[in-house]
Amino acid sequence: MSNKTLTRMDLTEAVFREVGLSRNDSSALVDAVLQHVSDALANGEQVKISSFGTFSVRDKNARIGRNPKTGEEVPISPRRVLTFRPSHLMKERVAEGNRSQD
39 MSNKTLTRMD LTEAVFREVG LSRNDSSALV DAVLQHVSDA LANGEQVKIS SFGTFSVRDK
99 NARIGRNPKT GEEVPISPRR VLTFRPSHLM KERVAEGNRS QD
């Protein structure tokens, strides 16, 4: 399995090569898309990208957790968490990638 990480710069470079925008325009486009997605999630909206997956925010209630080292009970405060659910097409594509590396 590769240790490569896809970065914002990689996305900008892909837009530059595939779409033909200048590097500055490609960077601005990637930044604008990511900002729009971030803003929607921060507002509690769901973000669905067809053939990729769905990002959503869940509210988790306060609960009592346990420190695994000491066994001591610790209160966990309520919080919002980001979740991602991949589409069936994405799951299949990842599974195919796993099979081709075996």
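Note that our numbering has the sequence shown beginning at 39, numbered continuously upward.
Built from N, CA and C at the ideal position, the CB exists for glycine as well.
query	result
Cα-Cα separation, Leu146 to Thr121	Only positions 39 to 140 of the chain appear in the structure, and residue 146 is not among them; the question remains open.
When Leu49, Arg96 and Pro106 are compared against Asn81, the one with the closest alpha-carbon	Arg96
3-residue-minimum beta strand (DSSP E) runs that sit fully inside the segment 69 to 134, ordered along the chain	85 to 87, 91 to 98, 101 to 104, 111 to 114 and 117 to 124
Leu67, DSSP secondary structure in three states	helix
DSSP three-state assignment for Leu44, whether helix, strand or coil	coil
Distance CB(Leu49)-CB(Val75) smaller than 8 Å	no
Between the CA atoms of Val71 and Phe90 - distance to the nearest angstrom	15 Å
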